[in-house]
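Residue numbers (the numbering used here): 39 to 279.
Report on one structure; see the data block that follows.
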Amino acid sequence: MCRCFCRRCTVGVILSPPCPSFSTAGKRAGILAANIDILRDAIAAVGEAAGFIRLDEVCCDELFPDLDDDCRLCADLGYHEGYAPRTGQSWAQVHDMLDDLTDPRIGLMLEVVLWPLGLQAASAPIQWMAMEQSSNLPEEILDELSVEFGCADWFRTSWAVLESADLGIASRRKRVFMLASRFRWVDLTPPAHKLPFTAMAKRSTGTRASVSTPAGSAPPTRPPGAPRAGTASPRTIRHGA
């Protein structure tokens, strides 16, 4: 039931794989060359398994100028709509290519391309994909993802590292974002001008905190024993009350 629903209704996919494998807060096993190579090979296998590898320049129209219909030889070999035959790999077999990763969480980046192209191969009305990850994600992986979407005839893929504070968010965090669209132009170019920065206190309260005191007087102080601002007064709880 779920599989049929996805094929009929899914037009967009948002993916945010765990970041500790790439983030400075983790062990960053995802930036090791051996792990990058394993992940890139698996990403490349997705397009081949889904059947989205374009034919070479030499095509049937050149070999058989009088051909009116689809080439029967191509159909017998599994060529379809200008693409080479599918490799016959199942998605489970593609996942098995990740077994040698030193951190299995790195392999979750494969889902960024597996879900969109898998849905496309299943004739779902998929139109776009959005991904977010640590800004330490290697460019080799981003480039490999872009290549696979391009081979599957997605119209445009764009990625960029964005700083949240530059977009008016009351925090500082760099993240890499990727958008891929089958039919529309998308662009993740960072903004040329930073948006106004808003402090977290103002963002959370909606107003600027200030204390007004008469000239020459000291600011108000908390009476001894009084609870701190934002905390409840001490209470005695009796069991069974």
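Where a beta carbon is used, it is the ideal one built from N, C-alpha and C, also for glycine.
Quantities reported herein were computed from a predicted structural model and do not represent experimental measurements.
Check, Outcome
"Got a sec? Which residues, its chain only, sit under 8 Å from Glu186 by beta carbon, not counting five neighbours each side?", "Ile81, Ala82, Val84, Gly85, Phe90, Val151, Leu155"
"Helix, strand or coil for Pro58, going by three-state DSSP, please let me know.", "coil"
"Given Met169, which residues of its chain have a CB within under 6 Å of its CB, disregarding the five upstream and five downstream residues?", "Leu53, Val150, Met216"
"Between the Cα of Trp223 and those of Ala162, Ser196, Arg143, Lys65, spot the shortest distance and give me the residue it belongs to.", "Ser196"
"Which residues in the same chain have their Cβ closer than 8 Å to the Cβ of Ser161, if we skip the five residues on either side of it in sequence?", "Arg45"
"Considering only residues of the same chain and omitting the five flanking positions on each side of Leu180, which have a CB-CB separation below 8 Å?", "Trp197, Val214, Met216"
"Is it the case that the CB of Ile179 approaches a heavy atom of the ligand ZN more closely than 8 Å?", "Among the ligands in the structure shown, none appear at all, so the ligand ZN cannot be discussed."
"Which one of Ile69, Cys189, Ser173, Leu183 has the shortest CA to CA distance from Arg210?", "Ser173"
"Suppose the cutoff is 6 Å on Cβ atoms and the five residues either side in sequence are ignored; what does the same chain contact list for Gly145 look like?", "Leu136, Leu139"
"Under 8 Å by Cβ, that's how I've got Ala159 and Ala88 pegged, so tell me the actual separation to the nearest angstrom.", "4 Å"
"Taking all protein chains shown into account, do 16 or more other C-beta atoms lie within 10 angstroms of the C-beta of Glu182, making it buried, or fewer, making it exposed?", "buried"
"Across which residues does DSSP place Ile52 in a beta bridge pair?", "Ala168"
"Mind checking which residues open and close the alpha helix (DSSP H) that includes Val151?", "149-159"
"So the candidates are Arg92, Trp129, Ala190; which of them puts its Cα closest to the Cα of Tyr121?", "Arg92"
"If you count every other CB in all the chains shown that lies within 10 Å of the CB of Gly68, and 16 or more means buried, which is it?", "buried"
"Can you give me the start and stop residues for the beta strand (DSSP E) that Phe187 sits inside?", "Looking at the DSSP string, Phe187 is not in any beta strand (DSSP E); the run it does join, the alpha helix (DSSP H), is 177-189."
"For Val96, which of helix, strand or coil comes out of DSSP?", "Any answer about Val96 is weak, because its pLDDT of 46 lies below 50 and its placement is not dependable; what the coordinates show is given next. Val96: coil per DSSP, three-state reduction."
"Run the CB neighbour count on Ala190, radius 10 Å, all protein chains shown included, and call it buried at 16 or more, exposed below.", "buried"
"Taking all protein chains shown into account, decide if Gly50 is buried (16 or more other Cβ within 10 angstroms of its Cβ) or exposed.", "exposed"
"Under 7 Å Cβ to Cβ from Asp225, same chain only, skipping five residues before and after it: list those, please.", "Ser196"
"In chain order, what residues of the same chain lie with their CB nearer than 8 Å to the CB of Leu157, ignoring the 5 residues before and after it?", "Cys44, Arg45, Thr48, Val51, Ile164"
"The alpha helix (DSSP H) with Ala198 in it runs from where to where?", "Here Ala198 belongs to no alpha helix (DSSP H); instead the beta strand (DSSP E) covers 194-201."
"Distance check for Lys65 and Gly188, CA to CA, integer angstroms please.", "32 Å"
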